[in-house]
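Chains A and B, in that order, are what the protein sequence lines are.
In this text, residue positions in the first sequence follow the numbering used here: the first is 1341, and each later residue adds one.
In this text, residue positions in the second sequence follow the numbering used here: the first is 1341, and each later residue adds one.
Here a beta-carbon is modelled for each residue, glycine too, at the ideal position from N, C-alpha and C.
2 protein chains.
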Amino acid sequence: MPMTVINSAANDNIKRWRKIAENPREAKKAGFTLAEGIHLAEVIRDKKPAVRSVILRESRVSEEVAALAEEVARATGAKLLTVADKLYDAVCPVENGTGIMVETAAHFASRPVRPLAEDALYLDGVQDAGNMGTLIRTALASGVRHVAASPGSAGFWAPKVLRAGMGAHFSVQLYDNVTPEEIHTLFAGRILAADARGGRDLFRTPGWAQGPAVWMMGAEGPGLSMRALSAATELYLIPIEEDCESLNVGAAAAVCLFELRRRRLLAE
Amino acid sequence: MPMTVINSAANDNIKRWRKIAENPREAKKAGFTLAEGIHLAEVIRDKKPAVRSVILRESRVSEEVAALAEEVARATGAKLLTVADKLYDAVCPVENGTGIMVETAAHFASRPVRPLAEDALYLDGVQDAGNMGTLIRTALASGVRHVAASPGSAGFWAPKVLRAGMGAHFSVQLYDNVTPEEIHTLFAGRILAADARGGRDLFRTPGWAQGPAVWMMGAEGPGLSMRALSAATELYLIPIEEDCESLNVGAAAAVCLFELRRRRLLAE
């Protein structure tokens, strides 16, 4: 089969991908994002989300990667497009990529008609892409399949967030632009705030894992905003050593979400 | 007092700082590293580790930062050096720094004569600087004050690791170039491996927090090496959801170290 190679920077696909790669907000606007690398391509092949194109670098791509690109295209019914190296590198959201990208839907969950009796994670102003992706991954690993974020947080589907999420995006319901006041319209149950400034001891306080719970986590540095703290029904403190100010938000979320999981598993 | 400004790229200080900023291995070789930013400068002012110089950017520095630089110099007895903007930016390990750096000792703990009956964290091949720093910070927060790393791990004192550690470096004993076989000569007690491929359930297995423990964590992707697994006395698995492959190493360490802390606190 003769392969057509995209060679022109004026090509409409190239222009669209470049926007997504360069502007973290574009994924939401365009409805599509760029998933770079072998691992994400494999997850997409298996989970089959909506895919617009599978993008392969023209040269310096291993046979395995080329075969994977064909598999993803077949599994999702999407076009496989080969792109000249220079153009590929210009639209690739990471340096030294492996030569495969998938243009996949930036899917947001719709707001429920009635609040869901489900566990959730709420992120208040988390702006670092790596942290954001890791938080989605940690939520899924802990069994929490709903993640909501405040208007000031990083976009869930920005390519760097997607990459750090390691595929968790495709198994979690994502709600963006959720104000703290809106949380109780999305989720029924306790709203637990993790706050380094005070609250009850996470480990020593019984009962908080009964029924569905939303864990709220604030940004590195400022922590939870006053609006988020006001929306919480309960305040908890991770008992850290006195000569240490705080935990990284990813570590704090891991501690809270897995303490929820531990309590759930042991109650079974 | 007339201020002398370092203006020449040929200045010995500049040459030394540039090496530290550019090569992550240089901190160990030189015995000094560069701590960038207000937070680290404050920790250094309070903890008073050995400091060689306090480095201030000549212009676009707030009054608070300039005052802090004088405080750090006074508290540690180090020279305060003002550096022309271009040169400062060339040796600063982060982009858009706040204009203050401290050249502080890269201090490693010496090997104990007899194995220590202390909790510890062992890092096997963790290469990402951000992860490495966060792990040191999480260890301190959980009360674990000894961190050892394998020969293939990132350098503890590389400027980016120091920055991600948020000052925890100055409260933790750091041991580098520790092979898995050497762990038991440093620490007396259980050697616990966290492994996604199998092991006993972290939450459901009793007893492992009795007596001192070393938690071993592997690199993102490969996990613990065979050598590290062979050195472990016990193997544990964090019970994550089935459709999620693994946790980020920072999140996994947070779960294991805070489960240790929880058990210790509740046993008191």
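C-beta atoms of residue i and residue j nearer than 8 Å
| i | j | result |
| --- | --- | --- |
| B/ALA1430 | B/LEU1420 | no |
| B/GLY1563 | B/ASP1535 | yes |
| B/ALA1481 | A/ILE1580 | yes |
| B/ALA1367 | B/ALA1375 | no |
| B/ALA1457 | B/GLY1529 | yes |
| A/GLU1398 | A/VAL1423 | yes |
| B/ALA1460 | B/ALA1488 | yes |
| B/ALA1559 | A/ALA1591 | no |
| B/ALA1446 | B/GLY1371 | yes |
| B/LEU1532 | B/TRP1555 | yes |
| B/ARG1485 | B/SER1450 | no |
| B/PRO1499 | B/THR1444 | no |
| B/VAL1501 | B/GLY1473 | yes |
| A/ILE1346 | A/ASN1353 | yes |
| B/VAL1405 | B/ILE1378 | yes |
| A/PRO1455 | A/THR1525 | yes |
| A/ARG1568 | A/ASP1464 | According to the sequence as given, residue 1568 of chain A is Ala; it is not Arg. Yes; because the gap between Cβ atoms is below 8 Å, this pair is in contact. |
| B/VAL1401 | A/ALA1594 | no |
| B/ILE1523 | B/TYR1462 | yes |
| A/ARG1476 | A/GLY1505 | Strictly speaking, residue 1476 of chain A in this sequence is Ile, with Arg absent from that position. Yes, Cβ-Cβ distance for A/ILE1476 and A/GLY1505 is below 8 Å. |
| A/ARG1544 | A/LEU1577 | no |
Partner residues on chain A for residue i, Cβ-Cβ distance less than 7 Å
| i | result |
| --- | --- |
| B/GLY1483 | GLU1581 |
| B/PHE1543 | ARG1602, LEU1605, LEU1606 |
Per-residue contacts from residue i into chain B (C-beta, under 9 Å)
| i | result |
| --- | --- |
| A/CYS1432 | None at all; the shortest Cβ gap to chain B is about 20 Å. |
Where residue i falls, given that 16 or more other Cβ within 10 Å makes a residue buried
| i | result |
| --- | --- |
| B/PRO1342 | Any reading at B/PRO1342 needs caution, since the residue's pLDDT is 48, under 50, leaving its predicted position unreliable; the model's value is listed next. Exposed, since its Cβ has fewer than 16 Cβ neighbours within 10 Å. |
| B/MET1566 | exposed |
| B/GLY1538 | exposed |
| A/LEU1427 | buried |
| A/ARG1365 | exposed |
| A/GLU1599 | buried |
| A/ARG1602 | buried |
| B/PRO1491 | exposed |
| A/ASN1588 | buried |
| B/SER1570 | exposed |
| A/ALA1494 | buried |
| A/THR1344 | exposed |
| B/LEU1542 | buried |
| A/ARG1503 | buried |
| B/SER1586 | buried |
| B/THR1416 | buried |
| A/ASN1363 | exposed |
| B/ASP1516 | buried |
| B/GLY1561 | exposed |
| B/ASN1436 | exposed |
| B/SER1348 | exposed |
| B/ALA1553 | buried |
| B/ALA1407 | exposed |
| A/ALA1350 | exposed |
| B/GLU1608 | exposed |
| B/ARG1392 | buried |
| B/LEU1606 | exposed |
Beta-carbon neighbours of residue i, restricted to chain A and to distances below 8 Å
| i | result |
| --- | --- |
| B/THR1612 | Coverage of chain B is limited to positions 1341 through 1608, which leaves residue 1612 of chain B absent and any answer about it impossible. |
| B/SER1402 | Within 8 Å Cβ-Cβ: nothing; B/SER1402 doesn't reach chain A, min ~17 Å. |
| B/VAL1595 | ALA1594, VAL1595, PHE1598 |
| B/SER1570 | Simply none; closest approach about 27 Å. |
Residue i: contacting residues in chain B (beta-carbon distance under 7 Å)
| i | result |
| --- | --- |
| A/LEU1480 | GLU1581, CYS1584 |
Contact set between residue i and chain B, taken where Cβ atoms lie within less than 8 Å
| i | result |
| --- | --- |
| A/ARG1477 | CYS1584, LEU1587, ASN1588, ALA1591 |
beta-carbon residue i near the ligand FMN non-hydrogen atom, thresh 7 Å
| i | result |
| --- | --- |
| A/GLU1376 | Looking for the ligand FMN in the displayed structure turns up nothing, as the structure carries no ligands at all. |
Below-8 Å beta-carbon distance, residue i vs any chain C residue
| i | result |
| --- | --- |
| A/ALA1430 | Of the chains in the structure shown, none is chain C; the protein chains are A and B. |
Contact list for the segment 1496–1508 of chain B against chain A, Cβ threshold 9 Å: ALA1504, MET1506, GLY1507, ALA1508
Residue ranges of each alpha helix (DSSP H) within the segment 1547–1576 of chain B, 4 or longer: 1566–1571
Short-range partners of chain B found in the segment 1506–1539 of chain A, where Cβ spacing is below 7 Å: ALA1508, SER1511
Unbroken stretches of the beta strand (DSSP E), 3 residues or longer, contained in the segment 1385–1415 of chain A: 1391–1397
Contained beta strand (DSSP E) runs [length at least 3] in the segment 1461–1544 of chain B, N- to C-terminal order: 1486–1489, 1513–1515, 1530–1534
Entirely enclosed beta strand (DSSP E) segments - the segment 1410–1462 of chain B, minimum 3 residues: 1419–1423, 1440–1445
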